[in-house]
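For reference, the structure discussed in these notes is given below.
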Amino acid sequence: MDKVYPSAREAVADIGSGASIAAGGFGVCGIPAVLIDAIADGEARDLELISNNCGADGRGLGRLLENRQVRRVVASYVGENKTFASQYLAGELEVELTPQGTLAERLRAAGVGVAAFYTRTGTGTLVAEGGLPWRYGPDGGVAMASPPKPVAIFDGVEHVLERALPADFALVRAWKGDRHGNLTFRMAARNFNPVCAMAGRVVIAEVEHLVEPGEIDPDEVHLPGVYVDRVVALTAAQAADKAIERLTVRDEER
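The sequence shown: position 246 = 246 (the UniProt record's numbering), numbered continuously.
Structure follows, in structure tokens:
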């Protein structure tokens with residue numbers, strides 16, 4: 001039952017080229033930065049990333065983009081990452097943009113055995129009708145577009161069918177975790193981490209504070225250890241190294 005690995009590098013050693021990875025985080029908040037760095041230092045290529053966004057330039061999943069280790073991204077927005085935007089617009093990266101709530105539910109569905117679900121989100125748009133640019137060509141035209149999705153009427157209202165989104169691996173970051181893999185997230189850093197873990201076939205968690213089994217009150221377990229396969233305890237320096245996506249300060253008082 002002891003799921004603790006000696007290092008992040010050993011925990012991600014079997015993530016090979018072509019793997020799909022669901023990664024928690026929102027911007028650079030709650031991202032599994034140490035595990036991502038371990039992948040960036042490895043040899044895996046042609047990865048498919050599933051995440052709300054791709055971190056920031058030089059941070060989080062942005063490192064994998066800069067290394068050109070990524071073939072495809074399923075995300076909700078390009079955000080602050082200029083490398084993400086430039087590779088997408090240059091036709092070097094396939095991107096499936098997905099409404100944020102739909103992305104979360106597709107991940108959750110994969111974890112609870114729901115193959116697909118209907119939602120009103122995206123009906124009457126290119127999300128349902130198809131035609132969203134997944135990949136651009138060298139000439140700037142659309143080389144690959146999203147296909148149309150099945151639509152059905154429920155109680156007189158149109159809904160679009162969205163499929164579950166499983167991943168080969170999931171990477172998450174927790175504030176606290178025990179050796180059995182039970183995790184507690186802190187405030188907004190919870191974000192997409194639980195649903196990413198639910199979607200992963202192999203789930204790897206980096207934790208800021210590793211405790212012994214029984215030290216986390218059952219009411220404080222946000223993700224049960226049944227979902228988690230590997231745990232990596234961060235050093236104090238790694239736990240404290242948290243980036244700020246956009247620093248905003250007020251003008252000095254005059």
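Where is the CB? At the ideal position from N, CA and C, for every residue including glycine.
| Asked | Found |
| --- | --- |
| Compute the Euclidean distance between the alpha carbons of G30 and M144, then round it to the nearest angstrom. | 32 Å |
| Could you give the distance in angstroms between the alpha-carbon of G55 and the alpha-carbon of R108? | 21 Å |
| DSSP on C29, reduced to helix/strand/coil? | strand |
| Is the distance from the Cβ of A170 to the Cβ of A115 below 8 Å? | no |
| What are the complete alpha helix (DSSP H) segments, minimum 4 residues, inside the segment 42-90? | 61-66 and 82-89 |
| Take every Cβ of the segment 77-84, pair it with every Cβ of the segment 57-64, and state whether three or more of those distances are shorter than 8 Å. | yes |
| Please list the segments of the alpha helix (DSSP H) lying wholly inside the segment 89-124, counting only runs of 4 or more residues, in order along the chain. | 100-112 |
| With distances taken Cα to Cα, identify the nearest neighbour of G214 among G177, Q69, G200 and A199. | G177 |
| With distances taken Cα to Cα, identify the nearest neighbour of V228 among A243, I216 and P194. | P194 |
| So V211 is in the beta strand (DSSP E); what residue range does that whole segment cover? | G200 to V211 |
| CB-CB under 6 Å to H209, same chain, minus the five flanking residues each way: which ones, in chain order? | K176 |
| Can you give the Cα-Cα distance for R179 and H159, rounded to whole angstroms? | 43 Å |
| For E129, does the three-state DSSP call read helix, strand or coil? | helix |
| In or out: E206 buried (at least 16 other Cβ within 10 Å) or exposed? | buried |
| With distances taken between CB atoms, is the gap from K3 to V231 smaller than 8 Å? | yes |
| For R71, which option in P138, L161, V95 and A243 has the closest C-alpha, if you only look at C-alpha atoms? | V95 |
| Between the segment 185-201 and the segment 119-128, do at least 3 Cβ pairs fall closer than 8 Å? | no |
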